[in-house]
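In what follows, a single structure is set out as structure tokens and then discussed.
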Amino acid sequence: MDRRQALKLLTLFAGGSIALPAYAERILHYPDACWQTPLPDIAPEKTELLAALADTILPRTDTPGASDAGVQHVLPVLANDCLDTQSRDVFWAGLDALDANSRSRFQTGFAQLPPDRRSLLLSEAEQAFKTHRSQPNAGPHFFKIAKDLTLTGYFTSETGATQALRYLPIPGKWEADLPYTAGEKAWAL
Amino acid sequence: MKKHTYDAIVIGSGMSGGWAAKELCEKGLRTLVLERGRDVRHILDYPTALLNPWDFPHRGRQTRAEKQDDPVQSICYAYNETTKHFFVRDAEHPYQQVKPFDWIRGYQVGGKSLLWARQTYRWAAFDFESNLKDGHGADWPIRYEDLAPWYSYVEKFAGISGNKDGLPQIPDGEFLPPMELNAGEQYLKKSIETRWPERKMVIGRCAHLTVKHNDRGPCQYRSLCERGCPFSAYFSSNSVTLPAAARTKKLTLRADSIVHSIIFDEKKNRATGVRVIDAGTKEMVEYYAKIIFVNAGTLNSTLILLNSTSNRFPKGLGNDSGVLGHYLMDHNYRVRANGRFEGLGDRYYLGRRPTGCYVPRFRNLWDQHPDFVRGYAFGGRATREGWTRGYGQDGFGAAFKDQISVPGDWNLSLHGMGECLPRFENQVRLNTEKRDPWGMPTLDIDCAWGPNEDAMVKDMLQTAGEMLEAAGCKSIQVYDSHEPPGRGIHEMGTARMGRDAQTSMLNAWNQLHTVPNVFVTDGSGMGSTACQNPSITYLALTARACDYAVKELKKKNL
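Given below as structure tokens:
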């Protein structure tokens with residue numbers, strides 16, 4: 219994200235009601251630091267599979283879908299770095315199992331399936347999850363992990379936050395009680 | 061020697077140290093502030109302040125490595141990818157948990173004033189009297205009237221937004237305009253106050269600027285406060301007191317300076333200076349001054365005093381009574397409650413208000429609960445659920461996506477904040493066997509909740525649940541997290557104020573009873589906790605002690 223753009227956006231959103239302190243400009247030049255980590259090396263076919271999975275969970279509607287927001291690229295980062303090791307392994311194994319299931323049932327990979335068949339396989343995965351979670355001491359489950367990570371990846375992406383939701387980086391005011399009309403998007407933050 | 065001599069030394073640059081620096085500098089004293097951590101310059105060193113969620117590789121989430129590397133700090137609600145640079149690394153700063161105790165710390169210029177939750181409530185008159193009344197702890201050597209003008213003094217400079225609610229349990233102060241309750245909170249307030257007239261709900265009082273104040277702010281309602289505020293709209297040492305101190309040209313701020321101990325001169329019966337370990341070179345240097353303010357943060361202030369031994373004070377500076385290290389307390393934040401409210405679907409809000417609402421103490425004010433003494437307050441908030449509710453819902457696909465992209469029901473939540481009794485057995489001890497990477501002794505922390513806290517939790521669970529129930533909430537969850545002390549990050553006591561040197565460390569002016577040129581004005585001096593967030597009280601005590609110290613210095617009594 220270009221911070222100069224961000225600052226411009228800020229002043230726009232604040233409706234020009236605030237003058238950014240002169241020193242704020244200096245922040246722009248603060249060196250990008252510790253939180254820049256390299257992306258994991260993921261094979262293109264796996265990225266395609268992740269995109270298909272994410273798009274099945276959050277497809278394109280009148281707002282962009284998960285892969286439009288690049289969720290397939292953040293999923294491996296979140297899965298590898300943020301999950302506990304057991305959940306991480308369940309996720310990657312589950313992804314392979316989903317693809318294998320597709321190949322044995324439909325003779326083609328999950329990514330190559332039409333949307334209704336992807337939904338069918340994922341519905342079965344959700345059913346399995348519902349059975350799984352009612353067991354005592356149920357551990358992590360592929361469907362739940364995949365869904366949670368996709369939601370996180372999508373709604374915190376620039377595309378998801380600004381198009382599927384309403385994103386105000388600097389609201390500039392607190393309006394405590396406003397009328398709400400059905401259909402208006404939720405705030406991203 | 062001359063180069064290392066100042067009028068005053070302040071140990072620590074956090075909440076209370078920053079204020080001490082401002083007062084002493086403004087009164088004309090050449091003041092050296094020693095900060096053990098790195099420098100954090102206002103705004104320049106807030107690298108994440110303007111970043112969007114998608115600018116972070118983990119979108120702000122904690123990583124597994126962070127949980128492993130910082131098992132204690134990462135428990136804190138404010139610790140994540142966007143803020144972790146303001147927390148210590150656990151491995152570098154060891155301590156021993158004799159019983160579970162989460163010690164959350166931010167070692168840098170500004171300390172935890174960058175990270176605090178910014179809630180600011182005065183203590184009530186009865187809070188200063190409760191120790192005397194029920195016999196737990198030592199009687200406070202001051203009363204509300206002693207501190208009231210100093211509350212006003214610090215509120216005016218810091219900038220506190222709030223409403224004058226006219227409630228004796230949280231006396232009104234000098235307030236900037238309050239923020240407003242949203243529709244869900246107005247509804248909850250009405251519901252609570254109708255059913256229980258003695259219970260009130262008010263807007264949170266907080267160190268946020270609702271209007272421009274002393275060339276700072278106003279708040280932009282981003283609620284990303286813990287990253288540091290580029291609008292200077294909340295109170296921190298970095299944004300308010302240290303700049304004020306620097307403007308006098310009397311301030312010398314030395315970061316990366318770990319205070320080892322205070323130097324005591326037996327002949328003069330005065331402290332003459334401090335020994336400092338340079339965090340980079342590990343060399344020991346000495347600095348000298350006429351007065352010393354100890355503001356290292358509750359447990360570190362006590363660690364320094366315990367480590368300042370001499371023939372006269374073999375158990376730690378000023379510790380004739382033996383109470384140094386004892387009577388450790390923390391607020392009890394174990395109880396959380398939330399519920400879903402299905403009405404008010406046609407109301408929403410704009411902006412992210414950086415405070416919640418507040419149910420001031422209502423127990424043991426007019427009558428006495430059979431099971432516990434003292435009392436508790438609730439913090440609260442109403443929000444309309446956003447996309448994150450999707451985590452807990454079944455389903456996926458187009459309809460699911462569209463449904464979680466619009467606001468859901470209201471979520472009403474309350475969290476209990478309970479007073480903790482001072483008990484001798486809750487304590488810290490110096491461990492000279494286990495040392496930190498700079499060779500400093502570490503602390504054994506031996507602290508646990510007692511029966512009064514547990515009884516209070518039981519009542520909180522009951523009252524929180526019944527308030528959400530009366531409001532017509534569905535899917536109500538009320539629970540005791542059983543979290544250990546420390547998690548409230550309001551550690552108090554261990555060098556308490558009191559009326560005499562036999563039972564306390566500090567007198568009515570936060571001055572060591574037995575070493576008159578040493579003042580301790582952070583949380584360590586607290587003789588009880590009340591249930592209010594403590595920082596504003598530390599600030600008032602600090603300003604008052606500085607005023608006294610400088611007057612005494614001029615009278616040549618120090």
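Residue numbers (the numbering used here), protein chains in the order written: chain A, 219 to 407; chain B, 61 to 618. For every residue, glycine included, the Cβ atom is placed at its ideal position computed from N, Cα and C. Only a predicted model underlies this, so the values are computations on that prediction, with no experimental measurement involved.
Min CB distance residue i to chain A below 8 Å
{"i": "residue 118 (chain B)", "result": "yes"}
{"i": "residue 303 (chain B)", "result": "no"}
{"i": "residue 465 (chain B)", "result": "yes"}
{"i": "residue 19 (chain B)", "result": "Only positions 61 to 618 of chain B appear in the structure, and residue 19 (chain B) is not among them; the question remains open."}
{"i": "residue 280 (chain B)", "result": "yes"}
{"i": "residue 447 (chain B)", "result": "yes"}
{"i": "residue 451 (chain B)", "result": "yes"}
{"i": "residue 456 (chain B)", "result": "yes"}
{"i": "residue 407 (chain B)", "result": "yes"}
{"i": "residue 149 (chain B)", "result": "no"}
{"i": "residue 614 (chain B)", "result": "no"}
Other residues of its chain near residue i: CB distance less than 8 Å, five sequence neighbours each side excluded
{"i": "residue 277 (chain A)", "result": "283, 284, 333"}
{"i": "residue 347 (chain A)", "result": "359, 360, 361, 362"}
{"i": "residue 223 (chain B)", "result": "235, 238, 262, 263, 265"}
{"i": "residue 278 (chain B)", "result": "269, 270, 271, 272, 291, 293"}
Beta-carbon contacts of residue i that lie in its chain and below 7 Å, excluding the five residues immediately before and after
{"i": "residue 535 (chain B)", "result": "399, 400"}
{"i": "residue 236 (chain B)", "result": "219, 220, 221, 269, 270, 271, 273"}
{"i": "residue 373 (chain B)", "result": "324, 379"}
{"i": "residue 598 (chain B)", "result": "75, 76, 581, 582, 583"}
{"i": "residue 279 (chain A)", "result": "none"}
{"i": "residue 501 (chain B)", "result": "367, 490, 491, 492, 495"}
Residue i - partner residues in DSSP beta bridges
{"i": "residue 417 (chain B)", "result": "B:263, B:440"}
{"i": "residue 571 (chain B)", "result": "B:579"}
{"i": "residue 384 (chain A)", "result": "A:405"}
{"i": "residue 432 (chain B)", "result": "Partner(s): none; residue 432 (chain B) has no beta bridge."}
{"i": "residue 323 (chain B)", "result": "B:333"}
{"i": "residue 317 (chain A)", "result": "Note: residue 317 (chain A) sits in no beta bridge, so no partner."}
{"i": "residue 538 (chain B)", "result": "B:397"}
Any chain B beta carbon closer than 8 Å to residue i
{"i": "residue 312 (chain A)", "result": "no"}
{"i": "residue 219 (chain A)", "result": "The predicted position of residue 219 (chain A) is uncertain, since its pLDDT is 39 and thus under 50; a value taken from the coordinates is nonetheless stated next. True, the Cβ-Cβ gap to chain B drops below 8 Å."}
{"i": "residue 375 (chain A)", "result": "yes"}
{"i": "residue 289 (chain A)", "result": "no"}
{"i": "residue 237 (chain A)", "result": "Note on residue 237 (chain A): pLDDT 48, under 50, position unreliable in the model; the coordinate value appears next. With 8 Å as the cut-off, residue 237 (chain A) does not count as an interface residue toward chain B."}
{"i": "residue 337 (chain A)", "result": "yes"}
{"i": "residue 363 (chain A)", "result": "no"}
{"i": "residue 243 (chain A)", "result": "Note on residue 243 (chain A): pLDDT 46, under 50, position unreliable in the model; the coordinate value appears next. Residue 243 (chain A) does not count as touching chain B."}
{"i": "residue 260 (chain A)", "result": "no"}
{"i": "residue 331 (chain A)", "result": "no"}
{"i": "residue 176 (chain A)", "result": "Beyond the ends of chain A as shown, which are 219 and 407, falls residue 176 (chain A); an answer cannot be given."}
Cβ-based neighbour list, residue i, same chain, cut-off 6 Å, excluding 5 preceding and 5 following
{"i": "residue 140 (chain B)", "result": "120, 122"}
{"i": "residue 432 (chain B)", "result": "512, 515, 516"}
{"i": "residue 605 (chain B)", "result": "569, 570, 579, 581"}
{"i": "residue 304 (chain B)", "result": "82"}
Closer than 7 Å: residue i CB and nearest the ligand HEM heavy atom
{"i": "residue 87 (chain B)", "result": "Annotation note on the ligand HEM: not contained in the displayed structure, which lists no ligands."}
Is it a yes or a no for the region 522-537 of chain B touching the region 134-150 of chain B, going by three-plus beta-carbon pairs under 8 Å?
no
Could you tell me whether the region 460-473 of chain B touches the region 400-409 of chain B, using the rule of 3 or more Cβ pairs below 8 Å?
yes
Decide yes or no for the touch test of the region 90-105 of chain B against the region 292-300 of chain B: beta carbon pairs closer than 8 Å, at least 3 of them.
yes
Does the region 286-295 of chain B come within contact of the region 329-345 of chain B, defined as at least 3 CB pairs closer than 8 Å?
no
Given 8 Å, three or more beta-carbon pairs between the region 318-329 of chain A and the region 371-389 of chain A
no
Could you tell me whether the region 308-327 of chain B touches the region 274-288 of chain B, using the rule of 3 or more Cβ pairs below 8 Å?
no
Tell me which residues of the region 380-399 of chain A have at least one Cβ-Cβ distance to chain B shorter than 7 Å, keeping chain order.
382, 383, 387, 388, 389, 390, 391, 392, 393, 394, 395, 396, 397, 398
Taking a Cβ distance cut-off of 8 Å, strictly less, list which residues of the region 409-442 of chain B are near chain A, in chain order.
409, 410, 411, 412, 413
For the region 603-616 of chain B and the region 563-573 of chain B, state whether three or more C-beta atom pairs, one from each stretch, are separated by less than 8 Å.
yes
Please list the residues of the region 346-357 of chain A that have a C-beta atom closer than 7 Å to any C-beta atom in chain B, keeping them in chain order.
none
With 9 Å as the C-beta to C-beta threshold (strictly closer), list the residues of the region 231-257 of chain B near chain A in chain order.
239, 240, 241, 242, 243, 245, 246
Does the region 323-332 of chain A come into contact with the region 260-279 of chain A, if we say contact requires no fewer than three beta-carbon pairs (one atom in each stretch) closer than 8 Å?
yes
Using a Cβ-Cβ cutoff of 9 Å, what residues of the region 525-554 of chain B are near chain A? List them in chain order.
none
With contact counted as at least three CB pairs below 8 Å, one residue from each stretch, are the region 353-362 of chain B and the region 538-553 of chain B in contact?
yes
Would the region 195-208 of chain B count as touching the region 479-495 of chain B if we require 3 or more Cβ pairs under 8 Å?
yes
Of the residues that make up the region 96-122 of chain B, which ones have a beta carbon closer than 9 Å to any beta carbon in chain A?
102, 103, 104, 105, 106, 107, 108, 109, 110, 111, 112, 113, 114, 115, 116, 117, 118, 119, 120, 121, 122
So, does the region 148-164 of chain B touch the region 123-134 of chain B, judging by three or more C-beta pairs under 8 Å?
yes
Hey, is the region 437-453 of chain B in contact with the region 415-423 of chain B, meaning 3+ C-beta pairs nearer than 8 Å?
yes
Quick test of the definition: if touching needs 3 or more C-beta pairs under 8 Å, does the region 203-214 of chain B touch the region 176-190 of chain B?
yes
Residues of the region 462-487 of chain B in Cβ contact with chain A at a cutoff of 7 Å, in chain order, please.
462, 465, 466, 467
What residues from the region 291-303 of chain A come within 9 Å of chain B, judged by C-beta to C-beta, listed N to C?
292, 295, 296, 298, 299, 300, 301, 302, 303
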